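Position 177 (the sequence shown) corresponds to 177 in the numbering used here; numbering is contiguous. Presented below is the structure to which this report refers.
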Amino acid sequence: MHDSNNIRFACKISRLRATDLNQGVVFGGMTEEIALNPTRLGTAVHYDEMFGTVLNRFCVQAAVDLPLTVYGKGEQTRGFLNIVDTLQCVELTLNTPPAPGEFRVFNQFTQLFSVNQLAQHVQHVGVDMGLDVVVAHLPNPRVEEESHYYNPVVTKLPSLGLTPHLLGDEVIANLIEMGREHKDRIDLKVIEPRTHWGVVTK
Numbered sequence: 001m002h003d004s005n006n007i008r009f010a011c012k013i014s015r016l017r018a019t020d021l022n023q024g025v026v027f028g029g030m031t032e033e034i035a036l037n038p039t040r041l042g043t044a045v046h047y048d049e050m051f052g053t054v055l056n057r058f059c060v061q062a063a064v065d066l067p068l069t070v071y072g073k074g075e076q077t078r079g080f081l082n083i084v085d086t087l088q089c090v091e092l093t094l095n096t097p098p099a100p101g102e103f104r105v106f107n108q109f110t111q112l113f114s115v116n117q118l119a120q121h122v123q124h125v126g127v128d129m130g131l132d133v134v135v136a137h138l139p140n141p142r143v144e145e146e147s148h149y150y151n152p153v154v155t156k157l158p159s160l161g162l163t164p165h166l167l168g169d170e171v172i173a174n175l176i177e178m179g180r181e182h183k184d185r186i187d188l189k190v191i192e193p194r195t196h197w198g199v200v201t202k
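Following this line, the structure appears as structure tokens:
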């Protein structure tokens, strides 16, 4: 992305210091602070087909008895991190600043998952909760490589002391339960894919 080149250039020319955090997909809806007053402090949980994260969508689908919609083969893989770890990463970065003129890039994620792995995990947790959770593969509405090389490395933040909060059954159960609790507020019309990349409509 060209913003990284611009930041690097500014650091070199003006002796600025910067760290570019390449953040993965954030999961989870609960932090210690939110737990103090979930009604007033709760974070947004985007589950729609356009901007919603895949894990949120799967958990909402499980909560309202809809199939988990996997696009295409489901082999698309990305980096993920817990919402609790997002600010931990920022804090660690701020507490160990680069030297004047230095530009750093940190990959900010703690785990890699394919879409299939997430669907299977949500299905497993949902069944344990007594729900009837099924996985459905849909034609992929996106223009993307479904099987691709993806092997990012995360070394900098762990070396600074990042203690990750990994995706486990409890986090997924919490997201499903959140969906069940707010079932009447879920807009079912925005879950199924309506946006098809590369298709021009008049």
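Where is the CB? At the ideal position from N, CA and C, for every residue including glycine. These figures come from a predicted structure and were not determined experimentally.
Chain-order list of residues whose beta-carbon lies under 7 Å from that of residue i (same chain, five-residue window excluded)
{"i": "residue 74", "result": "114, 115, 116, 119 and 137"}
{"i": "residue 146", "result": "72, 73, 75, 76 and 140"}
{"i": "residue 186", "result": "60, 64 and 179"}
{"i": "residue 7", "result": "18, 20 and 103"}
{"i": "residue 194", "result": "49"}
Residue i - partner residues in DSSP beta bridges
{"i": "residue 80", "result": "25 and 111"}
{"i": "residue 137", "result": "70"}
{"i": "residue 19", "result": "104"}
Assumed close pair residue i, residue j - CB separation to whole angstroms, cut-off 8 Å
{"i": "residue 88", "j": "residue 24", "result": "Contact flag wrong, Cβ pair sits at about 14 Å."}
{"i": "residue 217", "j": "residue 122", "result": "Within the shown structure, residues of the chain are numbered from 1 to 202, placing residue 217 beyond reach of any answer."}
{"i": "residue 63", "j": "residue 183", "result": "6 Å"}
{"i": "residue 45", "j": "residue 178", "result": "7 Å"}
{"i": "residue 49", "j": "residue 143", "result": "That pair is no contact at about 15 Å."}
Cβ-based neighbour list, residue i, same chain, cut-off 8 Å, excluding 5 preceding and 5 following
{"i": "residue 10", "result": "16 and 18"}
{"i": "residue 42", "result": "29 and 34"}
{"i": "residue 26", "result": "53, 80, 81, 82, 83 and 86"}
{"i": "residue 162", "result": "85, 88, 89, 92 and 110"}
{"i": "residue 112", "result": "77, 78, 79, 80, 150 and 152"}
Residue i versus residue j - alpha carbon distance
{"i": "residue 29", "j": "residue 134", "result": "23 Å"}
{"i": "residue 228", "j": "residue 65", "result": "Here the chain comprises residues numbered 1 to 202, so residue 228 is not present and cannot be evaluated."}
{"i": "residue 198", "j": "residue 192", "result": "18 Å"}
{"i": "residue 148", "j": "residue 126", "result": "29 Å"}
{"i": "residue 152", "j": "residue 13", "result": "29 Å"}
{"i": "residue 103", "j": "residue 96", "result": "13 Å"}
{"i": "residue 37", "j": "residue 101", "result": "43 Å"}
{"i": "residue 165", "j": "residue 130", "result": "26 Å"}
{"i": "residue 167", "j": "residue 5", "result": "33 Å"}
{"i": "residue 169", "j": "residue 157", "result": "25 Å"}
Reduced DSSP category for residue i - H, G, I as helix; E, B as strand; rest coil
{"i": "residue 51", "result": "coil"}
{"i": "residue 219", "result": "With the chain covering 1 to 202 only, the question about residue 219 has no answer from this structure."}
{"i": "residue 187", "result": "coil"}
{"i": "residue 159", "result": "helix"}
{"i": "residue 44", "result": "coil"}
{"i": "residue 194", "result": "coil"}
{"i": "residue 30", "result": "coil"}
{"i": "residue 178", "result": "helix"}
{"i": "residue 147", "result": "coil"}
{"i": "residue 152", "result": "coil"}
{"i": "residue 92", "result": "helix"}
{"i": "residue 98", "result": "coil"}
{"i": "residue 38", "result": "helix"}
CB contact check: residue i to chain C, cutoff 8 Å
{"i": "residue 135", "result": "Here chain C cannot be found, since the structure has a single protein chain."}
Cut-off 6 Å between Cβ atoms - residues of its own chain near residue i, not counting five sequence neighbours on either side
{"i": "residue 21", "result": "106 and 108"}
{"i": "residue 57", "result": "47"}
{"i": "residue 171", "result": "28"}
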